[in-house]
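Let me begin by presenting the structure, written as structure tokens, before commenting on it.
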Amino acid sequence: MVNRGKSFSLFDMILSSFIIALFMGIFMFHISSECEAARRYKMVVLPFRDNTHRDIGEMVSDVLRSMVTQTNYFEAVERDKVYETVITMLPSNLINVDNIKRIGGGFTANQVDVISRLDRRNIQRFSKKLRADYVIKGSISEFAHALRVDAEIIDVRDNKMLGFVDIEGQAEDLLKQMLDGLTRKILHYCKSINSYNDALYIYGQYTQGLYTFGVAEKKLKELLSDLRDSVGIRAVLMTLYLSGKSPINDLSVQKDSSPGLGDKIIEEGEGILNLLQSSYDEKVLEVFLSTGLDPFKEVANIYVSKGNTEKAIEIYRNAINVYPINLVEHYKEIGKLYSWEGMDSEAIQAFEKALEINKSNNVVRLALAGLLKKSGFTERAQKHLEVCMKYARDSEEIERIREEINNLSASVHE
Numbered sequence: 473m474v475n476r477g478k479s480f481s482l483f484d485m486i487l488s489s490f491i492i493a494l495f496m497g498i499f500m501f502h503i504s505s506e507c508e509a510a511r512r513y514k515m516v517v518l519p520f521r522d523n524t525h526r527d528i529g530e531m532v533s534d535v536l537r538s539m540v541t542q543t544n545y546f547e548a549v550e551r552d553k554v555y556e557t558v559i560t561m562l563p564s565n566l567i568n569v570d571n572i573k574r575i576g577g578g579f580t581a582n583q584v585d586v587i588s589r590l591d592r593r594n595i596q597r598f599s600k601k602l603r604a605d606y607v608i609k610g611s612i613s614e615f616a617h618a619l620r621v622d623a624e625i626i627d628v629r630d631n632k633m634l635g636f637v638d639i640e641g642q643a644e645d646l647l648k649q650m651l652d653g654l655t656r657k658i659l660h661y662c663k664s665i666n667s668y669n670d671a672l673y674i675y676g677q678y679t680q681g682l683y684t685f686g687v688a689e690k691k692l693k694e695l696l697s698d699l700r701d702s703v704g705i706r707a708v709l710m711t712l713y714l715s716g717k718s719p720i721n722d723l724s725v726q727k728d729s730s731p732g733l734g735d736k737i738i739e740e741g742e743g744i745l746n747l748l749q750s751s752y753d754e755k756v757l758e759v760f761l762s763t764g765l766d767p768f769k770e771v772a773n774i775y776v777s778k779g780n781t782e783k784a785i786e787i788y789r790n791a792i793n794v795y796p797i798n799l800v801e802h803y804k805e806i807g808k809l810y811s812w813e814g815m816d817s818e819a820i821q822a823f824e825k826a827l828e829i830n831k832s833n834n835v836v837r838l839a840l841a842g843l844l845k846k847s848g849f850t851e852r853a854q855k856h857l858e859v860c861m862k863y864a865r866d867s868e869e870i871e872r873i874r875e876e877i878n879n880l881s882a883s884v885h886e
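Final position of the sequence shown in my numbering is 886; the numbers increase by one with none missing.
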């Protein structure tokens, strides 16, 4: 603590002792199990501007510094290191010579007060020096017998204010409820911002062999536990599941009746589709395009392997509505599934939809021609085969198309 030059009331001394005792005795365990981050983010906690008569601004920041560290998500920079860096870097016209004089090895009240009032430009200057990711600054106010703590979260790299969190309560509950609640709000806010990058980091550790499949899955699920609507994390988790899929895997149910890999892929795939229908997120594209995976085709294929072609078709149709990748492939697969079910009219419509997007796709056009021939639409089939000749890429494909044309002509003259 700094020397403030004022005496504490009996209530203030009791409150201070109560806070410190509670912090040391109760919340060391309570918050330490909060989460395990992909990496720890460095945080500077500035002294809070004290608008009360209690002289607790620096004490609140000290307790908050310890509590955010106990989350295992943040690494709080030591108070003295912050103060020394501030005094070294700030211009003399901001903190005059009298104010920067240290008394008995400690910092003066004026210094601490100036630090609590720094603007964002100066905060970024010394926070970059400390290699911090975030800065927390705030204030404490008192209304009647209630206290209110407001905290501002600042992104050091982008030099922008990310948001505010606040908490209110009785003075006696300053640590027991208020600072614990404030810490949780700060944690949740920053986790929501970092969650996607944390997920990519975890998957990267897995691909490098530093995490096992089980460890990576556990960590990704921990991220999702607080952020159930995060499409990006679900996409990374699904990519993890798809990376573990092989022909010898049981994609349905494991021997112990717990969800198998196939069931997990279905759960995440359908979860992503549901979320994309309400709010599109380009992180899905970023994840799946970087891996070359077609996640929704994988989900549909699992349903096909279970004998549920109706559900597979539903997956493809939902994906077409919200996922602008592989549209031709998805329409083609819908056409094949309808054809297998004997629903030729629906299959023809699906193939035609695919050709509206890419008219040079001979795989789809040949399938459509074959289905039209089967349905008795020989003239339409003939036209599609002639178009196929136009887009043929090599002599082998030309020969195959010519054979199809000859077979069609022969069937007409029979």
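In this text, a Cβ means the ideal position worked out from N, Cα and C, and glycines have one as well.
Fair warning: this is a prediction, and the values are worked out from it, not measured in the lab.
- Nearest C-alpha to G743 among E754, V703, S613 and G764: V703.
- The beta carbon of I787 sits closer than 6 Å to those of F768, V771 and A772, all from its chain and outside the five residues before and after it, given in chain order.
- About 12 Å separates the Cβ atoms of Y661 and I626, ruling out a contact at the 8 Å cut-off.
- A residue is called buried once 16 or more other Cβ atoms fall within 10 Å of its Cβ, and I595 is buried on that count.
- When the five nearest sequence neighbours on each side are left out, the beta carbons in the same chain lying within less than 6 Å of the beta carbon of Y803 are those of A822, K825 and A826, in order along the chain.
- Counting along the chain, no beta strand (DSSP E) covers G743; the unbroken alpha helix (DSSP H) around it starts and ends at L733 to S750.
- For L619, the uninterrupted beta strand (DSSP E) segment begins and ends at A618 to D627.
- Shown here, M861 sits in a helix according to DSSP, grouped into three states.
- Rounded to whole angstroms, the gap between the alpha carbons of V708 and Y795 is 16 Å.
- CA-to-CA, the gap between R597 and M561 works out to about 8 Å.
- Assigned with DSSP and collapsed to three states, I528 falls in coil, not helix or strand.
- Counting C-beta atoms within 10 angstroms of its own C-beta, F546 has 16 or more neighbours from the protein chains shown and is therefore classed as buried.
- Comparing alpha carbon positions, the residue from N834, T850 and L696 closest to R872 is N834.
- Taking a cut-off of 8 Å on C-beta distances, the region 598–612 touches the region 521–529, as three or more cross pairs fall below it.
- With 16 or more other Cβ atoms inside 10 Å of its own Cβ, L745 counts as buried.
- Going by DSSP, V549 is part of no beta strand (DSSP E) at all; its letter is neither H nor E.
- Counting along the chain, S811 sits inside the alpha helix (DSSP H) bounded by residues L799 to W812.
- Selection R593, I806 and V535 evaluated against V558 yields R593 as nearest (Cα-Cα).
- In the structure shown, the three-state DSSP call for R521 is strand.
- Shown here, D638 sits in a strand according to DSSP, grouped into three states.
- By the neighbour-count criterion, in which 16 or more other beta carbons inside 10 Å mark a residue as buried, K690 falls on the exposed side.
- Taking the Cα positions, I658 is about 50 Å away from G807.
- Rounded to whole angstroms, M861 and S762 show a C-alpha spacing of 34 Å.
- Among the bridge pairs identified by DSSP, I608 is matched with V517 and I625.
- Rounded to whole angstroms, the Cβ separation of L857 and E869 is 12 Å, and the two are not in contact under 8 Å.
- When secondary structure is reduced to three states using DSSP, K632 falls in the strand class.
- Within the same chain, Cβ atoms closer than 8 Å to the Cβ of L799 are found at I792, A826 and I829, the five residues on either side in sequence being excluded.
- In terms of Cβ geometry, V621 and V516 do not form a close pair [threshold 7 Å].
- Taking all protein chains shown into account, G734 has 16 or more neighbouring C-beta atoms within 10 Å of its C-beta and is therefore buried.
- Rounded to whole angstroms, A618 and K783 show a C-alpha spacing of 56 Å.
- Non-local beta-carbon contacts of G653 in its own chain, meaning distances under 6 Å to residues more than five positions away in sequence, involve I639 in chain order.
- In this model, T541 and A643 are separated by some 23 Å (Cα to Cα).
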